[in-house]
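Last residue of the sequence shown: 358 (this note's numbering), numbering continuous.
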Amino acid sequence: MTDLDGNPSVPEEVFHTTLTVVDFHQDTSGSTRDVHVLGTHTNLSAAKAFALMALVQLGYQPEDFATYSTKVDTPPEEWKHGDGVMVYAKAPRGQEFLVGLDTKPNTEGLPEGPNNVLQLPKGHDDMHYVLQNRTDYNQDKSGAFQTTEIQGCYVSRDDALAAAKATLAFDKDEYAQYDEREDEEAEGEWPFGEEVVVHAVAQTGENFTVAVKTV
């Protein structure tokens, strides 16, 4: 879409599609999970259509799963997986796959490109996403009570890293523990995950991580 001057329109909001994999096969508590960003769209209908086909695009078929259901094909009163989840699937060995949508501001004011996706500047093919995970051990001592939100998406990895480090920094003195990764290249010295930039533990026991994922 273009504005009245013929320039690409700039959406105020964007719609991120995520895939959460909960590995009940390896960890029956449900605390072992990975969140992947699959794509970003500039309107909700395109994002929903993408989300509904995401597992198929990744090479899966509905019949590969012991359970496979979508929000659009399930009566609202029977959908138990949250408003933001579009697809729920459970593998025969117990892993759960949840494809969801996360609506957030257009962090960098990027214009809309073809096919309802953001138009990146020339020379850039990837986006860098900042994700914040919260694990509430007060709700579940195993660590299974987790939420993950996309805080923003950036063209520059340096900008994404700066944003990640700023996410919890305002209240850093209030945490019981606060760890910030200074050197991405250092190996064996950072125990919180390769993509994690900040790890914090609240006085109440909640754990937070802020990660940068490149897609």
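Just so it is clear, CB atoms sit at the ideal spot from N, CA and C, and this is done for glycine as well.
Please read these numbers as outputs of a predicted model, since none were measured by experiment.
Under the three-state reduction of DSSP, P219 is assigned to helix. Sequence-distant partners of E338 (beyond 5 residues in either direction) whose C-beta falls short of 7 Å from its own C-beta, in its chain, are A354, V355 and K356. Contact annotation, K308 with V340: C-beta distance approximately 6 Å; criterion of less than 8 Å satisfied. In this structure N150 is exposed. Its beta-carbon is surrounded by fewer than 16 other beta-carbon atoms within 10 angstroms. Excluding five sequence positions before and after A209, the CB atoms of its chain that fall closer than 8 Å to its own CB belong to K233, A234 and P235, given in chain order.
Around the Cβ of P154, a 10 Å sphere holds 16 or more other Cβ atoms; the residue is buried. If you draw a straight line from the Cα of W333 to the Cα of N281, it is about 25 Å long. Taking D226 as the centre and dropping the five residues before and after it, the same chain places no C-beta closer than 8 Å to its C-beta. Comparing C-alpha distances from H159 to each of P248, G266 and Q289 shows the shortest one belongs to P248. G243 counts as buried, since no fewer than 16 other beta carbons sit within 10 angstroms of its beta carbon. Contact between L198 and F240 holds, since their C-beta atoms are separated by about 6 Å, short of 8 Å.
By DSSP's assignment, Y297 forms a beta bridge with H271. Under the three-state reduction of DSSP, A234 is assigned to coil, being neither helix nor strand. With a cutoff of 9 Å on beta-carbon distance, V164 and H184 are scored as not near each other.
Between N259 and N186 a beta carbon distance of about 5 Å is seen, short of the 8 Å cut, so the two are scored as contacting.
Under the DSSP assignment, K191 falls in the alpha helix (DSSP H) whose first and last residues are L187 to L195.
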